[in-house]
Amino acid sequence: MYKIGEFSILAKTTIKTLRYYEKEKLLIPYFIDKESGYRYYETNQLVDLAKIISLRQIGLSINEIKQILINENDYNNILKSRKQNIEQELNLCKNQLTKINYILEGKVMNYEVITKELPEYTIYYKEARIKDFSEIIGFILSSGEECEKLNPDIKCISPDYCYINYLDEEFKKDNMLIRYAQAVEKEGISNETIKFKKLKPVNAVCIYSKGSYENLPNAYSFIMKYIEENNYEIIESPRERYIDGMWNKDSEEEWLTEIQVPVRKKN
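The numbers in the numbering used here rise by one with no breaks, and the one at position 14 of the sequence shown is 15.
Pasting the structure below:
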C-alpha cells in the first residue's frame, strides 16, 4: 500500500484532487488509519483512477461519473449524449470527441488511454540480448544485483519506477535486445554494463494492462492506433513498466503493467 503522497506521485495526480475524489466518493482510500488519519491506496486503484481521469478529460461532470460508476448500463447513453454536444462545437472540441470514441472502443478491452508528463528521473540501466520473454524477470533481478554490488548504498526512489525497453528495429519473440532501467535517488558508479543517466521530462500516451503478459500485444495495438489517429509521433522507445507481477501477486489476474509511449504532436 502507498500513502496518499506516494500514490499521488505514482498517479501524477495532486493530493487535493485525491481528497476531492474521496469526498465525492469516486475513489475511496483502501485503508484509513484511525489514529493518524493517513490515507493508503493499493496499486490496483491506479486503474480506477485512470478511468476517472479519462472520463474527466472528456468533460463529464462528477455527477455523470458517479452515475456511470453506480450503473454501468448508463455508460453508453451518457457518452453518446456528450458526443452529440461535442459535434455541435467540433472546431473547439475535436480532441474531446476523439477521446470519447476511444473510450467507447476501449471499454470492450478494458483500456483507458491517458496523456501525462513523465518527470525527470535519474536511472541506472543495463542492455543485453536475451533468449525470449521468459528470461526478462531473471535479467531484471541480475541487473539489480550487479548494480548493488557496485553501489552498496544505492537507493531506489519511492514510489518505485522501473521499466523495460525493446531495442530491436522489429518485433522479436526470441533473441531480443532489451534495456532494463531503474529510477534511483542519485547517480552511482558505472562499469561496462551498468550505466547511469538522467531522463528529461517528456509527455507520454499511457495505458494500463491488467492480467497476463499475453494481453500486452492487444494493449500495444490499441495505444499505437490511438497515437496514429490523434496526430502524435513517437519520440522514444515505449517504456513497459511493471507495477504488479509474480513477485507480489498470487494471481495473474492481479498483474498490472503500464505502457508509456513518449510522444509529441506532429507539425
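A virtual CB, placed ideally from N, CA and C, is assigned to each residue, including glycine.
Continuous alpha helix (DSSP H) stretch holding residue i: start and end
| i | result |
| --- | --- |
| Asn-64 | 63-71 |
| Tyr-227 | 217-230 |
| Tyr-272 | No answer is possible for residue 272: the residues shown for the chain start at 2 and end at 268. |
| Ile-5 | 5-12 |
Boundaries of the beta strand (DSSP E) in which residue i is found, first to last residue
| i | result |
| --- | --- |
| Asp-49 | Note, Asp-49: premise wrong, no beta strand (DSSP E); alpha helix (DSSP H) at 46-58. |
| Phe-172 | It is not in any beta strand (DSSP E) - Phe-172 carries neither H nor E in the DSSP assignment. |
| Tyr-209 | 203-211 |
| Glu-255 | First-last for Glu-255: undefined, no H or E at that position. |
| Ile-155 | Taken as a continuous stretch (DSSP letters only), Ile-155 belongs to no beta strand (DSSP E), as it is neither H nor E. |
| Lys-117 | 114-119 |
| Glu-136 | No beta strand (DSSP E) contains Glu-136, which DSSP labels as neither H nor E. |
| Lys-233 | It is Tyr, not Lys, that sits at residue 233 in the sequence shown. Residues 233-235. |
| Tyr-41 | 40-42 |
CA-to-CA distance, residue j to residue i, given in whole angstroms
| i | j | result |
| --- | --- | --- |
| Ile-1 | Gln-97 | The displayed coordinates of the chain run from 2 to 268. Any statement about residue 1 would go beyond what the structure contains. |
| Phe-223 | Glu-253 | 21 Å |
| Cys-157 | Lys-187 | 9 Å |
| Tyr-1 | Glu-36 | There is no way to answer for residue 1, as the model of the chain reaches only from 2 to 268. |
| Leu-168 | Asp-175 | 13 Å |
| Ile-29 | Glu-73 | 19 Å |
| Leu-80 | Asn-216 | 26 Å |
| Ile-63 | Arg-57 | 8 Å |
| Thr-123 | Arg-242 | 16 Å |
| Lys-1 | Pro-263 | Given that the chain is displayed from residue 2 to residue 268, the structure contains no residue 1 and the question cannot be resolved. |
| Asn-219 | Glu-259 | 13 Å |
| Thr-194 | Tyr-126 | 8 Å |
| Leu-151 | Ile-228 | 40 Å |
| Asp-251 | Ser-210 | 17 Å |
| Asn-204 | Pro-239 | 12 Å |
| Ser-82 | Gln-68 | 14 Å |
| Ser-213 | Glu-146 | 26 Å |
| Lys-198 | Lys-117 | 22 Å |
| Glu-136 | Lys-52 | 32 Å |
| Tyr-76 | Tyr-233 | 28 Å |
| Ile-87 | Glu-65 | 16 Å |
As assigned by DSSP and simplified to three states, the class of residue i
| i | result |
| --- | --- |
| Met-177 | strand |
| Lys-250 | coil |
| Glu-186 | coil |
| Leu-28 | coil |
| Ile-141 | helix |
| Ile-33 | strand |
| Lys-17 | helix |
| Ile-195 | coil |
| Tyr-167 | strand |
| Tyr-214 | helix |
| Lys-127 | strand |
| Lys-266 | strand |
| Tyr-162 | coil |
Cβ neighbour criterion (16 or more within 10 Å) applied to residue i
| i | result |
| --- | --- |
| Trp-297 | The chain is shown only over 2 to 268; residue 297 falls outside these bounds and no answer can be derived. |
| Glu-113 | buried |
| Arg-265 | exposed |
| Phe-8 | buried |
| Thr-44 | buried |
| Ile-190 | exposed |
| Lys-226 | exposed |
| Met-2 | exposed |
| Tyr-39 | exposed |
| Tyr-21 | exposed |
| Ser-144 | buried |
| Gln-183 | buried |
| Val-91 | Per the sequence presented here, residue 91 reads as Leu, with Val not at that position. Exposed: under 16 other Cβ atoms inside 10 Å. |
| Lys-100 | buried |
| Thr-15 | exposed |
| Ile-236 | exposed |
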